[in-house]
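Quick note on the numbering used here: the sequence shown kicks off at 19 and runs consecutively.
Everything below concerns the one structure shown next.
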Amino acid sequence: MGLHDVDTVLFDFGGTLDAPGVHWLTRVQQWYPQIGLVVPPERIKEAFYWADAQLLAHPGIRQLTFLPLMLEHAALQLRYLALPVEPYQRRLAEGFCYPAQASLRDSVRVFSALRPRYALGVISNFYGNVLTLCQECGLADLCDVIIDSACEGVSKPAPGIFTLALERLGRTPATAVYVGDSFERDVIAARGAGLRAIWLQGLAPRPCPDAALPEATITTLEELLSLLTLATPQEA
């Protein structure tokens with residue numbers, strides 16, 4: 019079908035807007051040895067997802083901006099692993115946040131370029147504060163809809179989370195495309211909800227599970243600009 023008739027572009031947040039196709043867990047696992055902590059990757063994975071679950075119940079989660087969020091996340095990981103909070107908490111959080119904030123600035127530039135032509139939005143499986151993070155980095159002003167699974171009670175890969183965003187926009191799946199780094203939760207899930215999908219593969223090579231599913235595969239969000247420009251018929 020192509021992308022020439024697309025009027026709505028929706029995005030995943032973590033691993034898509036805050037990094038070029040790299041999952042949060044992978045980034046956390048990469049930081050442990052960089053700050054001098056030797057922990058098996060599987061143990062870090064356990065700690066990461068335990069911290070995720072605790073943050074969902076955090077009483078002030080909706081107000082946490084990026085660095086405070088990651089300071090909480092890092093402290094919880096270290097607690098699970100029975101490691102001292104100091105000096106590792108801040109090193110972990112800052113090591114995660116600063117590259118992410120640079121990627122978010124790049125994402126703002128992409129959104130700004132797309133904004134005149136497309137309805138834009140974010141659909142994310144998150145803790146309840148994705149709106150706060152989008153406001154902090156300047157993305158919120160460029161979005162027509164922001165959907166956070168923790169706030170809405172529905173999460174990817176359920177098709178209802180995509181339907182909810184489109185209903186709020188007054189748009190249809192047939193003219194919408196979803197951009198994300200997870201093949202299962204983003205590409206397959208979006209296709210299951212009737213949207214087209216663009217897979218953010220990232221800079222590190224990853225095999226594509228099914229090349230027939232995404233409309234396109236990109237390594238950075240900037241590639242989206244030329245992709246959509248080329249897909250849009252020239253005005254007379």
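Even for Gly, the Cβ is constructed at its ideal location relative to N, Cα and C.
> Is residue 67 buried or exposed, if buried means 16 or more other CB atoms sit within 10 Å of its CB?
Replying inline: exposed
>> Can you tell me whether residue 22 is buried or exposed? The criterion is at least 16 other CB atoms within 10 Å of its CB, across all chains shown.
In response: exposed
> Smallest Cα separation from residue 12: which of 179, 217, 183 and 105?
Replying inline: Missing from the structure shown is residue 12; the chain here goes from 19 to 254 and no further.
>> The alpha helix (DSSP H) that contains residue 118, what's its start and end?
In response: 106-132
>> Please state the DSSP three-state secondary structure of residue 26.
In response: strand
> For residue 244, is the classification buried or exposed, using 16 other Cβ atoms within 10 angstroms of its Cβ as the cut-off for buried?
Replying inline: exposed
> Residue range of the alpha helix (DSSP H) that residue 148 falls in?
Replying inline: 148-155
>> Please return the same chain residues whose Cβ sits closer than 7 angstroms to the Cβ of residue 206, not counting the five positions on each side in sequence.
In response: 175 and 231
> Starting from residue 139 and walking both ways along the beta strand (DSSP E), at which residues does that stretch end?
Replying inline: 137-142
>> Quick check: the Cα distance between residue 153 and residue 224, rounded to an integer number of angstroms?
In response: 31 angstroms
> Just checking my contact of residue 30 with residue 193 at CB under 8 angstroms: how many whole Å lie between their CB atoms?
Replying inline: Not confirmed; about 19 angstroms, so no contact.
>> For the segment 64-79 against the segment 89-99, do three or more pairs of beta-carbon atoms, one drawn from each stretch, fall closer than 8 angstroms, so that the two count as touching?
In response: yes
> Where do the ends of the alpha helix (DSSP H) carrying residue 79 lie?
Replying inline: Residue 79 -> no alpha helix (DSSP H), and no H or E assigned at all.
> Looking at residue 47 and residue 58, is the spacing between their C-beta atoms short of 7 angstroms?
Replying inline: no
> How should residue 95 be labelled, buried or exposed, when 16 other C-beta atoms within 10 angstroms of its C-beta is the threshold for buried?
Replying inline: buried
> By Cβ distance, which residues of its chain are closer than 7 angstroms to residue 164, with the 5 residues on each side in sequence left out?
Replying inline: 139, 140, 148, 149, 152 and 158
> Near residue 170, what residues of its chain come up, given a Cβ to Cβ distance below 8 angstroms and the 5 sequence neighbours on each side ignored?
Replying inline: 179 and 182
> Nearest chain B C-beta to residue 103 closer than 7 angstroms, yes or no?
Replying inline: Structure shown: chain B not included; a single protein chain is present.
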